[in-house]
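FYI, our numbering numbers position 37 of the sequence shown as 40, with every residue one higher than the one before it.
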Amino acid sequence: MAGRFDPLTRTAVRGGRTDVPRATANATPGAKARTWSPDGPLDLGLTLGPLRRGPGDPTFRTTPDGSVWRGCRTPAGPATLRVAAHGTAVHAEAWGPGADWVLGELPALLGADDDPAAFVPRHRLLHASHRRRPGLRLTRTGLVLESLIPTVLEQKVTADEAYRAWRRLVRQYGEPAPGPGPGPAPRDLYVMPDPRTWALIPSWDWHRAGVDAKRSAAVVRAARVAGRLEEAAAMDLPEAVRRLEAVPGIGPWTSAETLQRSNGAPDAVTTGDLHLPGIVGYALAGDRDADDAAMLELLAPYAGQRHRAARLILLAGAAPPRRTPRMPRGDIGRL
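Next comes the structure, spelled out in structure tokens:
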């Protein structure tokens, strides 16, 4: 499920919220800039939070001046994007060959294509969660591989293991994000590797990063058809799902988690998740042992908005009490 962060870090919670301080940032001379005003409330932490892969994500940073920074690999090349909310408007600055692209996609990134009014809560918990979060918009990055690769790394391992692998591989094979030089930009902001670089990572570096052969093979296969996968960002949900799942190693869980971010798909409900069915079942029916079929039945009244419903449940914190040990952490890189 998008935004599976540990509440103990105090930087994000399940459901994908990142704490963003009140903006005090000033414009940076020489940056390409754009100001955009949403047509309703906008919470940057809720909207952009699912794009952050753990508190140490090298492609995503927040700074004390209220800025959210992203290192992106766009169709036009690497870019750095800085976003800050000022009153009812959002001010963005960008650097690098992809600066014009990220500024052009700014409204979609901040949920302009999303329609929160389409969601009609039919359970008391969802009504309360929805009312408390009027600024929740579903982001649409338009970048498939950027969301797909870290999602593949999260397959069947703990979040900590996946985040550690993402950090190591991005820092080793990515590149420093273009920026304004001396100034407010985080010094350790990175852009992820290009598809060719992903495809050429040697097996021993995958192993050192704690990524098994099955997941690394899926990433390599995806990287080799990156152009075809990126086309899915402009497709309807069923067609986009078919395009992604045509790649061996990409199943329903991975495609849903990817398209929630790249396409802003409000109905891309995550199936095959270890915890989500029990959380949804417990929140809506008191059934902590619900499986995917039971979860989908409970979410059926929200057809077209099932991903938003699941996020609101996670943000409400209505998880059943734990009765089994946590999934053990592993690190095959030490073997």
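For glycine and all other residues, C-beta sits at the position ideal for the given N, C-alpha and C. In this text the structure is predicted, and so the values were computed from the model without any measurement.
So what's H278 in DSSP terms, helix, strand or just coil?
The DSSP-derived three-state label of H278 is coil.
Looking only at its chain, what residues have a beta carbon closer than 7 Å to the beta carbon of G48, apart from the 5 residues adjacent to it on each side?
Contacts found: R20, T21, D22 and V23.
Which class does E248 belong to by DSSP, given the choice of helix, strand or coil?
Reduced to three states, the DSSP call for E248 is helix.
When the Cβ atoms of the segment 250-259 are set against those of the segment 210-223, are three or more pairs found closer than 8 Å?
Yes, since at least three Cβ pairs between the segment 250-259 and the segment 210-223 fall closer than 8 Å, the two stretches touch.
Do L112 and R143 count as a contact pair if the criterion is CB distance below 8 Å?
Their beta carbons are under 8 Å apart, which means R143 touches L112 by this criterion.
Nearest-angstrom Cα separation, counted from P44 out to H94
C-alpha separation (whole angstroms): 15 Å.
What are the start and end residues of the alpha helix (DSSP H) that includes H310?
Following the DSSP letters along the chain, one finds H310 inside the alpha helix (DSSP H) bounded by residues R309 to A319.
Please tell me whether, using a cut-off of 7 Å, the distance from the CB of A168 to the nearest non-hydrogen atom of the ligand HEM is below it.
Only the bare structure without any ligand can be found here, which leaves the ligand HEM out of the picture.
Return yes when the Cβ of T65 is within less than 8 Å of the Cβ of V2, no when it is not.
Because the chain here runs from 4 to 338, residue 2 falls outside it and cannot be looked at.
Leaving out the 5 sequence neighbours to the left and right, which residues in its chain are closer than 6 Å to A26 when beta-carbon positions are compared?
These residues qualify, in order along the chain: G69, A87, A88 and H89.
Could you tell me whether the segment 203-213 touches the segment 156-176, using the rule of 3 or more Cβ pairs below 8 Å?
Cβ pair count under 8 Å is three or more, so yes.
R227 to R125 span [Cα, whole Å]
Rounded to the nearest angstrom, the gap between the Cα atoms of R227 and R125 is 44 Å.
Contact set for A229: own chain, Cβ-Cβ below 6 Å, skip 5 residues either direction:
Cβ neighbours of A229 within its own chain (closer than 6 Å, five residues either side excluded): L148 and P198.
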